[in-house]
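Enquirer: Going line by line, the protein sequences match chains S and X. Residues 169 to 275, numbered by this note's numbering, are exactly what the first sequence covers, in order. Residues 169 to 275, numbered by this note's numbering, are exactly what the second sequence covers, in order.
Number of protein chains: 2
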Amino acid sequence: MPIANTPPAPYYAVIFTSLRTEGDNGYGKMAEALEQLTATQPGFLGIESARDGLGITVSYWESLDSIAAWRANARHLVAQQKGRDVWYEQFQVRICRVERDYGFERT
Amino acid sequence: MPIANTPPAPYYAVIFTSLRTEGDNGYGKMAEALEQLTATQPGFLGIESARDGLGITVSYWESLDSIAAWRANARHLVAQQKGRDVWYEQFQVRICRVERDYGFERT
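1) For T185 of chain S, return the contacting residues in chain X, with the cut-off set at a CB-CB distance below 7 Å.
2) Would you call G221 of chain S buried or exposed, if buried means 16 or more other Cβ atoms sit within 10 Å of its Cβ?
3) For Q249 of chain X, count neighbouring C-beta atoms within 10 Å of its own C-beta (all shown protein chains included) and say buried if the count is 16 or more, exposed if not.
4) For S234 of chain X, count the other beta carbons within 10 Å of its own beta carbon; 16 or more makes it buried, fewer makes it exposed. Which is it?
5) Any beta carbon of chain S sitting closer than 8 Å to that of L205 of chain X?
6) By the DSSP assignment, the alpha helix (DSSP H) with E200 of chain S in it spans what residues?
7) Taking DSSP as the reference, what is the three-state secondary structure of S231 of chain S?
8) With the cut-off set at 8 Å, would you say A276 of chain S and I215 of chain S are in Cβ contact?
9) Give me the subset of the stretch 238-266 of chain X whose CB atoms are less than 7 Å from a CB atom of chain S, sorted by chain position.
10) State the Cα-Cα distance for the pair H244 of chain S and I183 of chain S, rounded to the nearest angstrom.
11) Does DSSP classify D253 of chain S as helix, strand or coil?
12) So, using beta-carbon positions, are A181 of chain S and Y228 of chain S closer together than 8 Å?
13) Taking three-plus beta-carbon pairs below 8 Å as touching, is the stretch 184-194 of chain X in contact with the stretch 259-275 of chain X?
14) Using DSSP with H/G/I as helix, E/B as strand and the rest coil, what is R274 of chain S?
15) For the beta strand (DSSP E) containing G214 of chain S, list its first residue and its last residue.
16) What does a CB cutoff of less than 6 Å around G211 of chain X pick up in its chain, not counting 5 residues either side in sequence?
17) Any idea what DSSP makes of Q258 of chain X, helix, strand or coil?
18) Would the beta-carbon of P170 of chain X fall within 8 Å of that of L213 of chain X?
19) What is the DSSP secondary structure of A181 of chain S, reduced to helix, strand or coil?
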């Protein structure tokens with residue numbers, strides 16, 4: 169997975185940090201489908217994800233409205249419920265305004 | 169690594185996303201020392217980190233001033249230079265204000 173190619177700040181980020189329960193329980197398939205669906209949402213700017221024990225997924229958005237719309241998406245609501253019922257031991261969601269950013273790329 | 173136990177919002181987050189170069193090149197030892205040093209900084213609230221190919225480290229802070237002070241820390245400056253010289257193929261740093269958060273913990 170590449171580093172997300174986001175536009176100049178300000179924009180918004182959702183930091184989703186999670187600890188999974190044991191077993192897959194359909195998580196892998198749903199996570200993949202959901203990531204593809206996320207990318208089609210209005211205001212979506214990019215996504216970055218990594219897991220080794222702790223999972224961290226950061227999605228980037230144009231506005232708080234676009235984040236709220238994605239949170240209320242019907243298929244996403246089903247996944248959110250499944251997350252509480254089955255997939256996650258614990259999670260934290262943090263809604264952020266990206267104030268500034270900078271980067272480095274080896275040439 | 170547990171999910172960071174942060175105080176009520178607002179607070180600040182630094183999202184550091186990176187792609188490593190090949191080989192360790194002293195990275196593991198420095199990363200561990202640096203993470204321990206981070207935790208002693210004024211205004212530090214917590215840290216979360218995961219890597220599978222893409223690396224994501226999110227550190228949480230009381231204020232933009234505490235982030236600026238850590239960025240200017242002498243040992244951190246040495247690590248930043250080594251990052252550009254040796255360890256990273258690419259990275260992005262995003263400075264964020266956490267506007268709100270919510271979580272779930274299985275009982």
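Even for Gly, the Cβ is constructed at its ideal location relative to N, Cα and C. Note that the structure is a prediction, hence the values are computed from the model and not measured.
Expert: Based on what the coordinates show:
1) Going along chain X in sequence order, the residues near T185 of chain S (Cβ under 7 Å) are I171 and E216.
2) It counts as exposed.
3) The residue is exposed, with fewer than 16 neighbouring Cβ atoms inside 10 Å.
4) In this structure S234 of chain X is buried. Its beta-carbon is surrounded by 16 or more other beta-carbon atoms within 10 angstroms.
5) False, the Cβ-Cβ gap to chain S never drops below 8 Å.
6) Per DSSP, the continuous alpha helix (DSSP H) segment holding E200 of chain S begins and ends at Y195 to T206.
7) Looking at S231 of chain S - three-state DSSP - the assignment turns out to be coil, as it is neither helix nor strand.
8) In the structure displayed, chain S extends from 169 to 275; residue 276 of chain S sits before or after that span and is not available.
9) Hits within the stretch, in order: R252, Y256, E257, Q258, F259, Q260, V261, R262, I263, C264, R265 and V266.
10) Distance between the alpha carbons of H244 of chain S and I183 of chain S: 16 Å.
11) Three-state DSSP puts D253 of chain S in a helix.
12) The Cβ-Cβ distance between A181 of chain S and Y228 of chain S falls below 8 Å.
13) Yes, since at least three Cβ pairs between the stretch 184-194 of chain X and the stretch 259-275 of chain X fall closer than 8 Å, the two stretches touch.
14) Per DSSP, reduced to three states, the secondary structure at R274 of chain S is coil, with no helix or strand assignment.
15) Here the beta strand (DSSP E) through G214 of chain S covers F212 to D220.
16) Excluding sequence neighbours, G211 of chain X sits near W229, E230, S231 and S234.
17) DSSP places Q258 of chain X in strand when its eight states are reduced to three.
18) For the pair P170 of chain X and L213 of chain X, the CB atoms are not nearer than the 8 Å cut-off.
19) A181 of chain S: strand per DSSP, three-state reduction.
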